[in-house]
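Note that the protein sequences, when read in sequence, are chains R and S.
So in my numbering, spot 134 of the first sequence is number 258, and the numbers just go up one at a time.
So in my numbering, spot 179 of the second sequence is number 303, and the numbers just go up one at a time.
Structure first, commentary second.
There are 2 protein chains.
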Amino acid sequence: MPEQRFTSVWTREHKPRREQQGLSRDQIVRATVELLDAEGMEALSMRKLGARLGAGATSLYWHVANKNELLELAMDEVFGEVRLPASESWRETTSNIAWGLRAAIMAHPWFTFVLGSLPALGPNALNCSAMLCAALSRAGFTGTDIDYAGAAVLSYTIGATAPEAAYTSALKSRGLTMEQANRDLAPAVERATRAHPEIHARFQESAGSTVDPIAHRQLSFDFGLIAVLDGLAARLSRSADMSPNHLTN
Amino acid sequence: MPEQRFTSVWTREHKPRREQQGLSRDQIVRATVELLDAEGMEALSMRKLGARLGAGATSLYWHVANKNELLELAMDEVFGEVRLPASESWRETTSNIAWGLRAAIMAHPWFTFVLGSLPALGPNALNCSAMLCAALSRAGFTGTDIDYAGAAVLSYTIGATAPEAAYTSALKSRGLTMEQANRDLAPAVERATRAHPEIHARFQESAGSTVDPIAHRQLSFDFGLIAVLDGLAARLSRSADMSPNHLTN
DNA sequence: GACGACTCTCGTACAGTGTGCGAGAGAATT
DNA sequence: AATTCTCTCGCACACTGTACGAGAGTCGTC
Chain R
125 MPEQRFTSVW TREHKPRREQ QGLSRDQIVR ATVELLDAEG MEALSMRKLG ARLGAGATSL
185 YWHVANKNEL LELAMDEVFG EVRLPASESW RETTSNIAWG LRAAIMAHPW FTFVLGSLPA
245 LGPNALNCSA MLCAALSRAG FTGTDIDYAG AAVLSYTIGA TAPEAAYTSA LKSRGLTMEQ
305 ANRDLAPAVE RATRAHPEIH ARFQESAGST VDPIAHRQLS FDFGLIAVLD GLAARLSRSA
365 DMSPNHLTN
Chain S
125 MPEQRFTSVW TREHKPRREQ QGLSRDQIVR ATVELLDAEG MEALSMRKLG ARLGAGATSL
185 YWHVANKNEL LELAMDEVFG EVRLPASESW RETTSNIAWG LRAAIMAHPW FTFVLGSLPA
245 LGPNALNCSA MLCAALSRAG FTGTDIDYAG AAVLSYTIGA TAPEAAYTSA LKSRGLTMEQ
305 ANRDLAPAVE RATRAHPEIH ARFQESAGST VDPIAHRQLS FDFGLIAVLD GLAARLSRSA
365 DMSPNHLTN
């Protein structure tokens, strides 16, 4: 039995190196983000990254254990971009976090592919979490309900945004506009939805719509986010109704 | 200008081959799902897949244009596993679809990595969509609100389940139990949350909890799903209040 | 100054990837 | 019997992550 251990960048502590040297971990992570933004997830290779930094591919391995750890670091960098405006209202705060996270994901579509297989334990990710937990706790949630409510908001945000980001980035990397893609897909959609009159109508409507597709997506995200927050609010008022405080009043 | 087009398995029609031959598309797709289930996303290679089918790697390319298309097909296969029990109640129906999709994703964690970059236009995916749309339309949603409401349910379900599936599968592939991983992560968590007393408390609580982690995740999913559905219900009753029908009564 | 230890870079090498190409086997059609 | 169509597959190419070990440069201690 090999006595495996679960490892991550965050399980090994990292003493920041002395300063003047040519390559530093921060610099590598920044270059990784740039390269991922510019060319996407599957274009990231250690050789290309090394070249971009004017270094050999294997030099990177001194600063980072492997490609996965590099991605973990890049992921936390994105979490760091999420703006966290403070607000009194828990609804406004959680909504801000959701929109901020959405913006970060849209700006860095590769984020999705990294997230998930590792618990997000980077400092920036924890910052987001803490902000969210604080707001929900102020809202009136207690104990594990704080976790659950936070997970609901994050899950919705990620689940709504990730596919959208992946799709738009797939289009961009092939040099296609949304209209072009819709036109190319149209016959397939036509054929496929023939058996489903109800969604056939849905597709027709959205294909013929003159609304800006970006605005459309934002409306859709907003719709769902409001639903999630309304649902959380409903639970809060329900539990308030049942609380002893209420009964004794 | 290369005049690129947007392609997908579903944009090219496929005449099913004659029957007696050794290799068929269905067979390949089934083997793909098996291999993905057994060894995970990054262990899938055309050579391994060919070997499993007793064929050469490049033979597959007669039946399938490339690896991506193969993944699209595998994805739709998973959609086909989602049980779609019919029910009168829209709440029950959407809830069933969400739990069914969750079960499918948990059973096939690689599903996540495929989803997103391509619109899910396979027959099984459309079936799910149609079921969902029908239920929401029965609930009282109309026009694009049907799309929005459906997207909210699916987004939450996927966003909640995908990371969970990815994590448990990452553990499994390294031969680790959840307890082991928690133990390995503990010092890092300890160190990282020192600056965040509120989430420090959250982590403590969940680490010391004696609840079965699987049950815990299900509770969390249920909590969020109820929130989403409550939120949708709230919107419905709000728009019912404002409808002319109500005003004239 | 001299020596050892440490920090960092990188060339080489290995096993593996997706897939384009073209040769060929075998069945179906003319 | 000839031709065409369907299908399999070996080879080759460019490319991947990264283990290893040789070396360069810097530092601390005698």
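Backbone N, C-alpha and C fix where the C-beta goes; we use that ideal spot for every residue, glycine too.
Chain-ordered, the chain R residues with CB closer than 9 Å to the CB of Arg-359(S) read Phe-347, Ile-350, Ala-351 and Asp-354. The beta carbon of Ile-323(S) sits closer than 7 Å to some beta carbon of chain R. Around the beta carbon of Asp-365(R), fewer than 16 other beta carbons lie within 10 angstroms, which makes this residue exposed. Cβ-Cβ separation between Val-277(R) and His-232(R): approximately 20 Å, too far for a contact (criterion under 8 Å). Residue range 337-366 is occupied by the alpha helix (DSSP H) that includes Asp-365(S). In terms of beta-carbon proximity, Ser-211(S) stays away from the interface with chain R, with every pair separated by 7 Å or more.
When DSSP assignments are scanned along the segment 243-308 of chain S, the uninterrupted stretches of alpha helix (DSSP H) that are 4 or more residues long and fall wholly within it turn out to be 247-263 and 268-297. Residues of chain S whose Cβ lies closer than 8 Å to the Cβ of Ile-270(R) are, in chain order, Arg-326. Close to Val-313(R), with beta-carbon spacing below 8 Å, are these residues of chain S in chain order: Leu-245. When the Cα atoms are used, Ile-338(R) and Tyr-272(S) turn out to be separated by approximately 14 Å. Taking 4 residues as the shortest admissible run, the segment 192-231 of chain S contains the following complete alpha helix (DSSP H) segments, listed from N- to C-terminal end: 214-231. DSSP places Gly-174(S) inside the alpha helix (DSSP H), whose first and last residues are 170-176. Around the beta carbon of Val-352(R), 16 or more other beta carbons lie within 10 angstroms, which makes this residue buried. At a C-beta separation below 7 Å, Cys-252(R) has no neighbours in chain S, since its nearest C-beta there lies roughly 10 Å away. For Trp-134(S), the nearest beta carbon of chain R is closer than 7 Å to its own beta carbon.
For a Cβ distance threshold of 8 Å, nothing in chain R lies close to Asp-161(S): the least Cβ distance comes to about 16 Å. Contact with chain R is found for Gly-283(S), since one of that chain's Cβ atoms lies less than 7 Å from the residue's Cβ. Annotation: Phe-130(S) is outside any alpha helix (DSSP H) and is labelled neither H nor E by DSSP. Counting the other Cβ atoms within 10 Å of the Cβ of Gly-174(R) gives 16 or more, which makes it buried. According to the DSSP assignment, Ala-162(S) belongs to the alpha helix (DSSP H) that extends over 149-163. Under the 7 Å criterion on CB atoms, Gly-178(S) is classed as non-interfacial with respect to chain R. When the Cα atoms are used, Arg-226(S) and Glu-205(S) turn out to be separated by approximately 11 Å.
7 Å or more divides the Cβ of Val-153(R) from the Cβ of Glu-193(R).
A direct Cα-Cα distance of roughly 28 Å separates Ser-330(R) from Trp-223(S). Residues of the same chain with a CB within less than 8 Å of the CB of Ala-249(S), apart from the 5 flanking positions on each side, are Met-199, Asp-200 and Phe-203 in chain order. In the DSSP assignment, Ala-189(S) falls outside any alpha helix (DSSP H) and carries neither an H nor an E. The straight-line gap separating the alpha-carbon atoms of Thr-301(R) and Thr-334(R) is approximately 15 Å. By the neighbour-count definition (other C-beta atoms within 10 Å, threshold 16), Ser-279(R) is a buried residue. Less than 7 Å divides the Cβ of Gly-274(S) from the Cβ of Leu-256(S).
Using beta-carbon distances, Pro-337(R) does not count as an interface residue toward chain S, since no partner is under 7 Å.
Taking a C-beta cut-off of 8 Å against chain R, none of the residues of the segment 210-231 of chain S qualify.
DSSP places Thr-334(S) outside any alpha helix (DSSP H), giving it a letter other than H or E. Excluding residues up to 5 positions away in sequence, Ser-132 and Trp-134 lie with their Cβ nearer than 8 Å to the Cβ of Leu-245(S) in the same chain. Around the Cβ of Trp-186(S), a 10 Å sphere holds fewer than 16 other Cβ atoms; the residue is exposed. Contact between Leu-159(S) and Leu-168(S) holds, since their C-beta atoms are separated by about 6 Å, short of 8 Å. Inter-segment contact for the segment 316-323 of chain R and the segment 315-325 of chain S is absent: fewer than three beta-carbon pairs are separated by less than 8 Å.
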